[in-house]
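Below: the structure, in structure tokens.
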Amino acid sequence: MPELFEAHWNRHKAAIKPGALDQKTKELIGLALVVAMHCDVCIAFHVRDCLRAGATEEEIMEALGVAVMEGDGPALVYAGNAMEALEEYQAAHHKQQAAQ
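In the working numbering, the protein residues as written are 1 to 100.
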């Protein structure tokens, strides 16, 4: 099983590597896709990766809007899950900054 996780991670790194699209844009696309695909586990990771790539809350919200447009009602529910993950990461980041 570790080989499967490593292969998946290597595929992710290759896909997200900057090219014609920068990493932030690719992460936002990834977030929109996992919301439209209803992958709860994936959502938190992609929100985190969007933030690490420098995406703003506004950019994340626009990506979620695209996901809802394409994924209809069910994607709206999962977009809410992504917004919760965003709030959690932002709260943790602010708490970490306050502790410094």
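Note that beta-carbon positions come from the ideal geometry of N, C-alpha and C, so glycine has one too.
Mind checking residue i: buried by the 16 CB within 10 Å criterion, or exposed?
i, result
"valine 27", "Before going on, a small fix: residue 27 reads as glutamate here, not valine. The residue is buried, with at least 16 neighbouring Cβ atoms inside 10 Å."
"valine 145", "Because the chain in this structure spans residues 1 to 100, residue 145 falls outside the shown range and cannot be described."
"lysine 17", "exposed"
Residue i to residue j, Cα distance in whole Å?
i, j, result
"methionine 83", "methionine 61", "8 Å"
"glycine 54", "cysteine 39", "22 Å"
"cysteine 50", "glutamate 3", "26 Å"
"leucine 76", "leucine 86", "15 Å"
"glutamine 100", "aspartate 72", "42 Å"
"leucine 64", "tyrosine 89", "16 Å"
Looking at the structure shown, is residue i part of a helix, part of a strand, or coil, going by DSSP?
i, result
"cysteine 39", "coil"
"alanine 99", "helix"
"aspartate 56", "Checking the displayed sequence, the identity of residue 56 turns out to be threonine instead of aspartate. It is coil, neither helix nor strand."
"alanine 63", "helix"
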